[in-house]
Structure formats: C-alpha cells, structure tokens
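The listed protein sequences correspond, in order, to chains R and A. All letters in the first sequence, in the order written, are residues 0 to 375 by numbering that gives the first Met the number 0. All letters in the second sequence, in the order written, are residues 0 to 80 by numbering that gives the first Met the number 0. We treat Cβ as the ideally placed atom computed from N, Cα and C, and that holds for glycine.
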Amino acid sequence: MDALLNLWQATGIANFTFPALIMIAVGCLLLYLAIARSFEPLLLLPIGFGAILTNIPVAGLSDPGGLLYYVYHIGIDTGVFPLLIFMGVGALTDFSALIANPRMLLLGAAAQFGIFATLFGAILLNYVPGFEFTLQDASAIAIIGGADGPTAIFLASKLAPDLLGAIAVAAYSYMALVPIIQPPIMRALTTPEERKIQMPQLRTVSKKEKIIFPLMVLTLTMLFLPAATPLVGMFCLGNLMRESGVVDRLSNSAQNEIINITTIFLGLAVGSKLAADKFLTVETLGILVLGALAFAIGTASGVFMAKGMNKFSKSPINPLVGAAGVSAVPMAARVVNKVGLESNPHNFLLMHAMGPNVAGVLGSAVAAGILLALVG
Amino acid sequence: MDIGQLLATAANLMITGMVGVFVFLSLLISAITIMSKLASRFEQPVIAPARTPSIKAPGVPSAHIAAISAAIAQYKNKQKL
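If you want it as structure tokens, here you go:
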C-alpha cells in the first residue's frame with residue numbers, strides 16, 4: 000500500500016499546481032500560434048515547448064542539475080546565444096541598399112525613439128500600484144521597441160534576467176504582428192499622395208565597399224561605443240564572412256547550421272524562464288502593453304523622420320520607408336512594400352525599405368550599447 | 000529613489016540616448032559617404048566590353064533577320080510554357 004502511495008506521489012497529476020497548469024496552457028498557446036498561425040514559428044515553437052517542459056512537476060528541468068537550467072546558464076546567462084545569432088544575422092544581411100543611400104541610417108536612428116520613449120513610459124507605469132520597475136527593468140523592457148529578438152534577449156539577460164521570459168515572448172510576438180501593427184499607423188500618418196512617391200533607383204555598390212563597410216562599423220563602435228561591441232562585433236564578423244567571398248563555408252555555416260542550432264536552444268532557454276512565479280505577474284501584463292507601445296512609437300517616429308527628410312531632400316523619399324526603421328528584418332520592409340503597392344501598384348519600395356531596415360538593426364544594437372553603458 | 004527622481008533620470012536617458020544614436024549613425028553616414036567616394040576613385044577604369052560582332056551577314060536583308068529572331072523568340076517563349 001505504501002509503495003502504491005509513493006508511486007501516486009511521483010505522478011504529475013498529484014503534483015500539479017494551478018499556476019504551473021496555466022503556464023503549460025501558455026506554452027500550448029505559443030505552440031498553437033507557431034503551428035496553426037505561423038507566428039515566428041522558428042522561435043515560438045521551441046519557446047512554447049520550453050515553457051511546457053519547465054513547468055512539468057517533479058522533473059525539475061529548470062532546477063540546478065536539469066537540462067534547461069544548464070542550457071540557460073551556458074547560453075543566455077553568458078550572453079553567448081544571442082551573440083551567435085547576431086553573427087548569423089550579420090551573415091544573412093546585405094548592406095548594399097544602405098551603402099547606396101546612407102542617409103537611410105537617419106530613419107533607423109529615428110525609429111529608436113520607440114525604445115527611449117518606452118523607457119520613460121515604463122517608469123511612468125510605476126505610478127500604478129503593483130508596478131515597481133527599476134531603471135534596469137525599464138531599459139530591458141524598452142528594448143522590445145528595437146524589434147530585434149537577439150538584442151532584446153542580450154540586454155534583458157544583462158539588465159533584468161527576471162523579466163527575460165516575458166520580454167522575449169513580447170518581442171517575438173510583436174515581431175510576428177508587425178504586418179498587423181504597422182500598416183494602420185503608416186496609413187494614418189501619411190497622405191495618399193505621399194504614399195505614391197516613387198524613389199529613384201539605387202546605384203550598384205562595389206564589392207570593395209561591401210567589404211570595407213563592416214570593418215568601418217566596427218571601428219566606429221570600437222572608438223565611440225565599446226559597450227555595443229559584443230553585438231556589433233559579432234554582426235560585423237558575420238557580414239565580413241559573407242562579403243569577403245573567401246570563406247563561403249564559414250558564412251554558410253553561420254547563416255544555416257549555427258543559427259539554427261542556436262535558435263533551438265535559445266528558444267528552449269527562453270521558454271524555461273516562463274515559470275509561473277515569474278510570468279504570472281501584473282508586470283508581464285505591463286511588459287506586453289509597453290512592448291506594443293514601443294513598436295507603435297518606433298514606427299511613427301520613423302515615418303515622421305522620413306516625412307521631414309522628404310521635405311528637405313533633393314531626391315524624393317517615400318515616408319512609408321521610415322516605418323522599416325524598426326529593424327524586424329525583413330518583415331517591416333515587406334510591409335512597407337505592401338502598403339506602398341496599395342497606393343501605387345507600380346511602386347516597388349522593397350529595396351528602398353531594406354536600407355532603413357538594416358539601419359534599424361544597427362540602430363537598435365547601438366541603442367542597446369548606450370543603455371548598457373548608462374544603466375548597466 | 001522615488002518615482003519623480005526615476006522619471007527625471009529616464010527623461011535624461013531618453014535625451015542622451017537619442018542624441019547618442021543620432022550622433023553615432025550620422026558619423027556612420029559621413030564615413031560611408033567618404034568611403035564610397037574613395038572607393039570610386041580607386042576603382043579601376045572599367046574597360047568597355049568588346050562589341051559583339053554584328054550579326055549582319057552580307058547578302059541577308061535585315062527584314063529576314065528580324066523575322067527569324069522574332070520566330071526564335073516566339074519558339075523560346077513556347078518552350079518555357
């Protein structure tokens with residue numbers, strides 16, 4: 000009889016707590032979004048599964064000694080996983096649209112206002128009872144507005160590891176929602192005439208320029224913002240491997256195998272942070288609201304900047320491309336292209352939007368560096 | 000630190016942060032512009048590609064050539080489908 004009782008005590012059914020069940024349901028929701036709705040499936044699937052695994056009673060996958068515990072400490076605590084992903088993103092990114100029209104960097108800079116405005120908003124939320132965000136927490140939450148998963152995870156792991164799960168889930172969910180969040184803002188802030196503006200064809204960029212570019216970005220970061228060199232440095236390494244043309248094998252590995260393997264474990268590790276006591280708080284709700292706000296403000300400030308530049312520039316600039324300043328490569332650029340085509344079926348803005356889009360990646364890495372330097 | 004102080008710090012951070020991002024990316028703009036200028040200066044002058052020998056054969060009227068090329072183009076298009 001005792002043995003039977005012990006066996007019962009070892010079952011999951013006897014050990015489930017209500018919060019853990021809710022978190023498993025959240026994990027299932029993420030799986031549903033990934034599989035049935037194709038929302039960032041590459042990340043939400045491992046994150047959702049990680050959330051289920053970590054909340055399984057008795058098994059203790061996230062306790063010291065458990066698999067997810069180690070994956071988290073090796074990959075995210077140290078900041079290694081997001082940086083490996085950034086190397087792959089660098090190897091996947093083609094900067095020619097930006098080198099051909101460098102002024103687009105201003106749009107990538109303007110869209111970062113979403114980050115800094117949200118930082119202010121997160122502190123403002125402290126007036127609501129139940130919220131107690133420190134400056135570090137607020138910075139980590141605000142970086143969701145950078146619309147860049149690895150950067151958000153990197154910064155959150157350094158500044159607010161407790162909020163990492165909620166921040167990563169918010170960042171990736173909103174990145175998947177870019178086609179829903181951005182177009183209404185873009186339409187509201189531009190006139191139909193502005194949306195019809197055609198931009199001149201971009202010049203071709205020589206191989207030499209593409210090779211010098213990552214080295215130049217690294218030099219500038221080294222000189223002015225060393226705090227951003229982990230992110231920017233890995234990014235430039237990946238990009239140099241791509242553009243140099245002499246290490247195609249390494250570049251291909253960075254773009255495929257390494258980024259894929261890292262994505263699996265990064266997702267699992269982020270999912271392991273979706274434990275009930277950390278996630279089922281009013282703060283998570285705040286993070287979700289602030290994240291959406293950060294995206295919206297970033298989009299709007301990008302569009303406003305593009306409008307301003309269009310006024311003073313000799314060559315016309317379609318204000319829509321400003322919305323691509325919030326990185327989220329290449330989804331944001333595709334959204335710009337789509338909204339542009341609605342107004343003028345012959346106006347292909349994709350290449351023009353890629354410039355601010357990759358500028359946004361650099362911009363959010365720089366913003367993360369600034370936050371690390373000032374708050375970390 | 001009370002919320003008012005935090006807010007002041009956050010506002011400060013917002014301004015420094017945006018100025019920082021803009022200054023850094025503006026530096027990058029000027030660096031790219033200079034680099035592109037230098038790169039184009041040191042670019043080897045592009046050798047004009049040798050002209051493809053004209054297909055005009057003596058004795059074949061140009062109308063025939065046009066007709067034949069049109070027929071070939073049509074055939075190729077059909078093959079694609």
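- For the set R:14, R:13 and R:40, the Cα lying nearest the Cα of residue 26 of chain R is the one of R:40.
- Less than 7 Å separates the beta-carbon of residue 139 of chain R from that of residue 154 of chain R.
- By the rule that beta-carbons nearer than 7 Å mark a contact, residue 104 of chain R touches chain A.
- Annotation: residue 197 of chain R to residue 264 of chain R spans about 43 Å, alpha carbon to alpha carbon.
- Following the DSSP letters along the chain, one finds residue 248 of chain R inside the alpha helix (DSSP H) bounded by residues 247-252.
- In the structure shown, residue 140 of chain R falls within a helical segment according to DSSP collapsed to helix, strand and coil.
- DSSP places residue 240 of chain R in the helix class (H, G or I) of the three-state scheme.
- Annotation for residue 366 of chain R: 111, 114, 115, 142 and 145 place their beta carbon closer than 8 Å to its own, counting only its chain and skipping 5 residues before and after.
- For a Cβ distance threshold of 7 Å, nothing in chain R lies close to residue 64 of chain A: the least Cβ distance comes to about 33 Å.
- For residue 38 of chain A, at least one C-beta of chain R is nearer than 7 Å to its own C-beta.
- Taking a 10 Å sphere around the C-beta of residue 125 of chain R, we find 16 or more other C-beta atoms and assign the residue as buried.
- In the three-state scheme derived from DSSP, where H, G and I count as helix and E and B as strand, residue 198 of chain R is classed as coil.
- For residue 21 of chain R, the uninterrupted alpha helix (DSSP H) segment begins and ends at 17-34.
- Within the model, the alpha-carbon separation for residue 5 of chain A versus residue 120 of chain R is close to 11 Å.
- Boundaries of the alpha helix (DSSP H) around residue 14 of chain R: 11-14.
- Across the structure, residue 7 of chain A and residue 21 of chain A are spaced so that their CA atoms are roughly 21 Å apart.
- Spatial neighbours of residue 277 of chain R in its own chain (CB-CB distance under 7 Å, excluding positions within 5 residues in sequence) are listed in chain order as 161 and 164.
- Using a Cβ distance threshold of 7 Å, residue 212 of chain R and residue 98 of chain R count as a contacting pair.
- Every alpha helix (DSSP H) stretch that sits fully inside the region 128-194 of chain R and reaches 4 residues is listed by chain position as 134-141, 148-158, 163-175 and 177-188.
- Using a CB distance below 7 Å, the part of the region 21-37 of chain A facing chain R consists of 21, 23, 24, 26, 27, 28, 30, 31, 32, 34 and 35, ordered along the chain.
- Residue 19 of chain A has a beta carbon lying within less than 7 Å of a beta carbon in chain R.
- The beta-carbon distance between residue 28 of chain A and residue 333 of chain R, rounded to whole angstroms, is 25 Å. This is too long to meet the 8 Å contact definition.
- Its chain contains 342, 343 and 346 as the residues whose beta carbon lies nearer than 7 Å to that of residue 195 of chain R, once the 5 sequence neighbours on both sides are disregarded; these appear in chain order.
- Chain-order list of chain A residues neighbouring residue 126 of chain R: 2, by C-beta distance under 8 Å.
- Collapsing the DSSP output to three states places residue 0 of chain R in coil.
- The beta-carbon of residue 58 of chain A is placed no less than 7 Å from the nearest beta-carbon of chain R.
- Within the same chain, Cβ atoms closer than 8 Å to the Cβ of residue 73 of chain R are found at 79, the five residues on either side in sequence being excluded.
- Residue 280 of chain R and residue 158 of chain R have their C-alpha atoms spaced approximately 19 Å apart.
- Residue contact with chain R for residue 72 of chain A: absent (no Cβ-Cβ distance below 7 Å to any residue of chain R).
- For residue 82 of chain R, the uninterrupted alpha helix (DSSP H) segment begins and ends at 79-91.
- Boundaries for residue 343 of chain R: no alpha helix (DSSP H) harbours it, and the DSSP string shows neither H nor E there.
- Separation of residue 30 of chain A and residue 219 of chain R (C-alpha to C-alpha, rounded to the nearest whole angstrom) is 9 Å.
- Secondary structure at residue 28 of chain A: helix, using DSSP grouped into helix, strand and coil.
- Residue 325 of chain R carries a coil assignment under DSSP once its states are collapsed to helix, strand and coil.
- When C-beta atoms of the region 267-277 of chain R are compared with those of the region 49-69 of chain R, three or more pairs fall below 8 Å, so the two segments count as touching.
- Contacts between residue 108 of chain R and chain A, judged by CB atoms closer than 7 Å, involve 20, 21 and 24 in chain order.
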